[in-house]
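First up is the structure itself, then whatever we jot down about it.
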Amino acid sequence: MPGRRIRRLRRSELPIDTTELARYLIGKTLVRELDGARMTGRIVETEAYVIGDAAGHAFRGRTQRNEVLFWERGHAYVYFIYGVHYMLNVSSETPGIGAGVLLRALEPFEGIELMQRNRGTTALRELARGPGRLAYALRVDPSLNGVDLCAAGPLWLGAEMHPVGRIGKSTRIGLTLEAHRVLRFYERGNVFVSGSKRLNQ
DNA sequence: AGTGCGATTGACT
DNA sequence: GTCAATCGCACTA
Numbered sequence: 136m137p138g139r140r141i142r143r144l145r146r147s148e149l150p151i152d153t154t155e156l157a158r159y160l161i162g163k164t165l166v167r168e169l170d171g172a173r174m175t176g177r178i179v180e181t182e183a184y185v186i187g188d189a190a191g192h193a194f195r196g197r198t199q200r201n202e203v204l205f206w207e208r209g210h211a212y213v214y215f216i217y218g219v220h221y222m223l224n225v226s227s228e229t230p231g232i233g234a235g236v237l238l239r240a241l242e243p244f245e246g247i248e249l250m251q252r253n254r255g256t257t258a259l260r261e262l263a264r265g266p267g268r269l270a271y272a273l274r275v276d277p278s279l280n281g282v283d284l285c286a287a288g289p290l291w292l293g294a295e296m297h298p299v300g301r302i303g304k305s306t307r308i309g310l311t312l313e314a315h316r317v318l319r320f321y322e323r324g325n326v327f328v329s330g331s332k333r334l335n336q
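What follows is the structure, given as structure tokens:
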């Protein structure tokens with residue numbers, strides 16, 4: 136299958152700050168390896184869940200569920216929401232500090248047929264537009280919770296494959312707590328970004 | 001032990 | 001635009 140070489144990001148390259156990391160990840164590549172096949176996409180939308188953020192899962196302290204948010208930056212935190220969907224986050228601070236970046240949308244790059252099969256649709260725009268859809272497209276599930284995204288394995292982060300456009304920001308989507316905070320980042324004008332037109336200006 | 005509700009999505013009026 | 005789906009977590013008692 137498509138064997139285009141993608142340089143894996145080193146942990147030392149990841150900013151040690153949740154908001155900085157959320158911005159940094161726009162345009163980077165997410166690589167999913169599964170059964171000898173590979174799916175990749177450009178990260179085009181993220182949200183930061185920062186230190187002391189009441190909307191973040193780490194806010195009430197370390198538990199079995201949110202454990203990975205307290206790991207060194209660059210680990211996958213996968214959780215289940217609404218009894219229906221999985222969401223993929225990247226831990227984002229130093230060990231012992233709980234915070235993360237939610238990956239909200241990808242621009243599909245390689246392995247598109249496989250993503251289409253996983254999603255049960257051929258509509259390219261809809262494959263990974265939104266955090267739940269992203270997880271379905273790449274078959275992200277709790278077995279990937281805790282995976283080191285800076286190491287070879289089933290899921291990792293790669294350098295950008297294409298130039299990155301202007302980065303926009305807005306309030307985060309779907310929150311009641313801390314709803315005013317401007318912690319969502321996205322590539323402007325990219326049709327694979329979720330959210331309303333208002334939020335994407 | 002019981003309860004309320006969520007970092008969403010897809011189907012439907 | 002509205003709404004149900006469906007489960008585990010965290011909080012109350």
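Position in the first sequence (from 1) plus 135 gives the number in the working numbering. Just so you know, even glycine gets a beta-carbon here, dropped at the ideal spot from N, CA and C. Please read all numbers here as calculations on a predicted model, not as lab measurements.
Alpha carbon to alpha carbon, how far is residue j from residue i? Give it in angstroms, no decimals.
i, j, result
"Ala286", "Arg143", "8 Å"
"Lys353", "Ser226", "The structure shown does not extend to residue 353, since the chain is modelled only from 136 through 336, so no value can be given for it."
"Leu204", "His210", "8 Å"
"Ile232", "Asn335", "30 Å"
"Arg195", "Leu237", "18 Å"
"Phe293", "Ile247", "The displayed chain sequence assigns Gly, not Phe, to residue 293. So the two alpha carbons sit approximately 17 Å from each other."
"Phe244", "Tyr221", "21 Å"
"Arg268", "Thr256", "11 Å"
"Asp276", "His315", "30 Å"
"Trp206", "Arg139", "31 Å"
"Ile308", "Gly171", "35 Å"
"Leu284", "Val179", "17 Å"
"Tyr184", "Glu313", "10 Å"
"Leu259", "Ala240", "12 Å"
"Tyr214", "Pro298", "31 Å"
"Pro266", "Phe327", "12 Å"
"Glu202", "Leu149", "20 Å"
"Leu273", "Arg173", "9 Å"
"Leu223", "Glu261", "17 Å"
"Gln331", "Glu295", "For the record, residue 331 in the displayed sequence is Ser; it is not Gln. Taking the straight line joining both Cα atoms gives about 26 Å."
"Ser329", "Pro230", "31 Å"
"Arg208", "Leu279", "15 Å"
"Tyr212", "Val282", "8 Å"
"Gly187", "Ala234", "8 Å"
Go ahead and pull the three-state DSSP assignment for residue i.
i, result
"Thr311", "coil"
"Ala157", "helix"
"Leu259", "helix"
"Gly265", "coil"
"Arg274", "coil"
"Leu241", "strand"
"Ile151", "coil"
"Arg319", "strand"
"Ile247", "helix"
Using DSSP bridges, identify the partner residues of residue i.
i, result
"Gly293", "Arg143, Thr164"
"Val213", "Leu223"
"Ser329", "Per DSSP, none; premise fails for Ser329."
"Gly235", "Tyr184, Ser226"
"Gly303", "Tyr321"
When the Cβ atoms of the stretch 289-306 are set against those of the stretch 250-264, are three or more pairs found closer than 8 Å?
-> no
Could you give the uninterrupted runs of the alpha helix (DSSP H) lying entirely in the stretch 170-205, keeping only those of 4 residues or more?
-> Listed in chain order, there is nothing to give.
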